Amino acid sequence: MKVILEIQRYDPNQNIEPYFQSYEMETQPEERLLTVLMRIKQELDPSLGFRKSCAHGVCGSDAMVVNGKERLACKTLIKDVVTDIDRSIRVEPLQTLPLQRDLMVDQTHFFQNYMQVKPFLINPDSPPEAERLQSPKERQQIDEGTSCILCASCYSACPIIQEKNPDFLGPAAVIQAARFLDDSRDRGFAERLPELDQDNGIWPCENHFECTRVCPRGIKITKTINLTKRSITKYKDLTLS
Ligand code: SF4
Ligand code: FES
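Going left to right, the sequence shown walks through residues 18 to 258 as our numbering numbers them.
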């Protein structure tokens with residue numbers, strides 16, 4: 018199947034503005050977009066820049082915008098993004114993060130927000146001799162959060178960050194906070210509260226559901242954000258009353 022890839026290009030040393038470059042490629046319907054991008058790089062244009070590592074949907078490094086939607090290139094089949102009538106595929110870098118080159122963005126701000134919520138177990142109690150045990154039910158509580166691969170797709174698709182508040186903590190950081198707040202072994206609610214309970218913390222979310230729509234791990238992000246908002250209100254009611 019012949020497809021036309023319209024790929025956003027940008028070299029800060031040569032271009033004032035990003036532009037689109039077309040590549041015509043013979044592909045298989047079951048071929049992954051990442052494989053096609055790698056073939057373009059190897060066979061047609063070694064200057065094409067994009068990130069990838071695991072090629073199996075685990076590292077989160079090849080998130081990009083494909084035909085207007087955030088996707089992992091390694092988990093996107095050609096047949097998923099073309100139709101019988103339209104064989105063109107538009108590939109752009111993630112939104113809301115500064116463009117570095119071609120399909121690569123600077124993820125510094127995204128990871129700063131991630132670190133801000135203290136994404137690690139906080140428990141001042143002395144550890145038991147073996148390990149801090151958890152029941153299967155308690156473990157289930159954090160299943161979704163632990164599956165986040167920090168791909169930044171949700172951060173890119175968030176209309177609040179795009180249009181209203183670029184300093185909003187963002188969906189992924191809240192998911193990471195919730196992953197520890199909901200962990201039966203964690204005691205860090207008070208320590209994480211100032212980061213979440215502030216103007217640019219959890220509250221700017223307006224339930225647009227775009228994050229949930231694009232998350233490649235199927236995490237119910239908006240639902241978790243709302244549940245975390247509720248936990249914060251409850252915690253404050255209990256501690257301030
Ligand atoms: S919550 Fe989903 S979309 Fe957001 S960073 Fe994690 S895996 Fe990616
Ligand atoms: S390359 Fe690792 S998630 Fe796609």
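Cβ atoms here follow ideal geometry from the backbone N, Cα and C, with glycine treated the same way. These numbers come from a predicted model, not from an experiment.
Check: Just curious, the alpha helix (DSSP H) that MET132 is in, first and last residue?; Outcome: 125-133
Check: Quick check: what's the CA-CA separation for ILE178 versus TYR172?; Outcome: 7 Å
Check: Assuming LEU167 and ALA189 form a contact by the criterion Cβ under 8 Å, report the distance between their Cβ atoms to the nearest whole angstrom.; Outcome: 6 Å
Check: Short of 8 Å in beta carbon distance, which residues of its chain neighbour ASN32, apart from the five on each side in sequence? Order them along the chain.; Outcome: ARG26
Check: Cutting at 7 Å between CB atoms, please list the residues of its own chain near GLU227, excluding the five before and the five after it.; Outcome: ALA174, CYS175, PRO176
Check: Is there contact between the stretch 121-140 and the stretch 96-107, where contact requires at least three CB pairs shorter than 8 Å?; Outcome: no
Check: Between the Cα of LYS19 and the Cα atoms of MET81, ARG234, ARG104, LYS86, which residue gives the shortest distance?; Outcome: ARG104
Check: Quick check on this structure: which residue in LEU244, ASP123, GLU47, GLU23 has the alpha carbon closest to the alpha carbon of TYR36?; Outcome: GLU23
Check: What number of angstroms, rounded off, separates the C-alpha of LYS92 from the C-alpha of THR250?; Outcome: 38 Å
Check: On the premise that ASN84 lies in contact with ILE57, defined as a C-beta separation below 8 Å, what is that separation, rounded to the nearest angstrom?; Outcome: Incorrect: roughly 17 Å between the Cβ atoms, too far for contact.
Check: Where are the alpha helix (DSSP H) runs, 4 residues long or more, that stay fully inside the stretch 69-102, in chain order?; Outcome: 95-98
Check: Would DSSP call PHE197 helix, strand or coil?; Outcome: helix
Check: Can you have a look at PRO233 and say buried or exposed, based on whether 16 or more other CB atoms are within 10 angstroms of its CB?; Outcome: buried
Check: Ignore the nearest five residues each way along the sequence and tell me which others in PRO115's own chain have a CB closer than 7 Å to its CB.; Outcome: VAL122, ASP123
Check: Assuming GLY187 contacts LYS135 (C-beta within less than 8 Å), just tell me the rounded distance between them.; Outcome: Their Cβ separation, rounded to whole angstroms, is 15 Å, which puts GLY187 and LYS135 out of contact at 8 Å.
Check: State yes or no: is the C-beta of SER170 nearer than 7 Å to some heavy atom of the ligand FES?; Outcome: no
Check: Using only alpha-carbon positions, find the residue among ASN243, LYS253, ASP200, GLU155 that is nearest to TRP220.; Outcome: ASN243
Check: Taking 8 Å as the threshold (C-beta atoms), are LEU255 and ARG202 in contact?; Outcome: no
Check: Thinking ILE159 and ARG196 are a contact (beta carbons under 8 Å), I'd like their distance in whole angstroms, please.; Outcome: 5 Å
Check: Go ahead and pull the three-state DSSP assignment for LEU255.; Outcome: helix
Check: Beta carbon of GLY66, beta carbon of LEU120: below 8 Å?; Outcome: yes
Check: Quick check on DSSP: helix, strand or coil for ARG247?; Outcome: helix
Check: Keeping to the same chain, check which residues put their C-beta closer than 8 Å to that of LEU94; ignore five residues upstream and five downstream.; Outcome: PRO46, GLU47, GLU48, ARG49, LEU50
Check: Since SER39 sits in a beta bridge, which residues does DSSP pair it with?; Outcome: GLU23
Check: Going by CA-CA distance only, name the one from TYR252, MET55, ARG149 that's closest to ALA207.; Outcome: TYR252
Check: Do VAL231 and SER170 have their beta-carbon atoms positioned less than 8 Å apart in this structure?; Outcome: yes
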